[in-house]
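FYI, in the numbering used here the residues of the sequence shown are 10 to 122. Cβ coordinates follow ideal geometry from the N, Cα and C atoms, glycine included. Predicted model only: the values in this text are computed from it and were never measured. The structure appears below as structure tokens.
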Amino acid sequence: MRKTITAEELYKKMNAQQQVVLVDVRAEDKYKDFHIEGSTVESIHVPKTDIFLLDDPQEENLSAIPANKEVIITCTTGNSAAKCANILSAREYDVVLLEGGITAWKEYMNSSK
Numbered sequence: 010m011r012k013t014i015t016a017e018e019l020y021k022k023m024n025a026q027q028q029v030v031l032v033d034v035r036a037e038d039k040y041k042d043f044h045i046e047g048s049t050v051e052s053i054h055v056p057k058t059d060i061f062l063l064d065d066p067q068e069e070n071l072s073a074i075p076a077n078k079e080v081i082i083t084c085t086t087g088n089s090a091a092k093c094a095n096i097l098s099a100r101e102y103d104v105v106l107l108e109g110g111i112t113a114w115k116e117y118m119n120s121s122k
């Protein structure tokens, strides 16, 4: 069973000064336009196409994604991130899916102000 985190839970983690590794799999222009930031957030951009290649057993693991830490995967709505989470989980990464993706994050941040 895949682990998930809601936007509210992620916000609370960040507010509690917990270290978070966030892997954003959206296109580079979308990532540059907006991504989740914070003093305790290590934001990593890895296009989903790079992760999809890992479905091939011959491919090497991605050095950009830490294998020894929990990583939270996100995309625009969560669909692509879910596919990426499955691939990374199969390769023994400790993966958590941000439910609803960046869309849910923005909605939560707008509603909590």
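What would DSSP say about residue i, mapped onto helix, strand or coil?
i          : result
residue 74 : coil
residue 83 : strand
residue 45 : coil
residue 64 : helix
residue 25 : coil
Specify, as a first and last residue, the run of the alpha helix (DSSP H) that residue i falls within.
i           : result
residue 112 : 110-120
Taking the beta strand (DSSP E) that residue i falls in, what are its first and last residues?
i          : result
residue 58 : Segment 57-61 is the alpha helix (DSSP H) holding residue 58; no beta strand (DSSP E) there.
Just list the residues that DSSP pairs residue i with in beta bridges.
i           : result
residue 54  : 33
residue 107 : 14
Looking at C-alpha atoms only, which residue of the options is the closest neighbour of residue i?
i           : options             : result
residue 113 : 100, 88 and 61      : 88
residue 74  : 100, 116, 44 and 92 : 100
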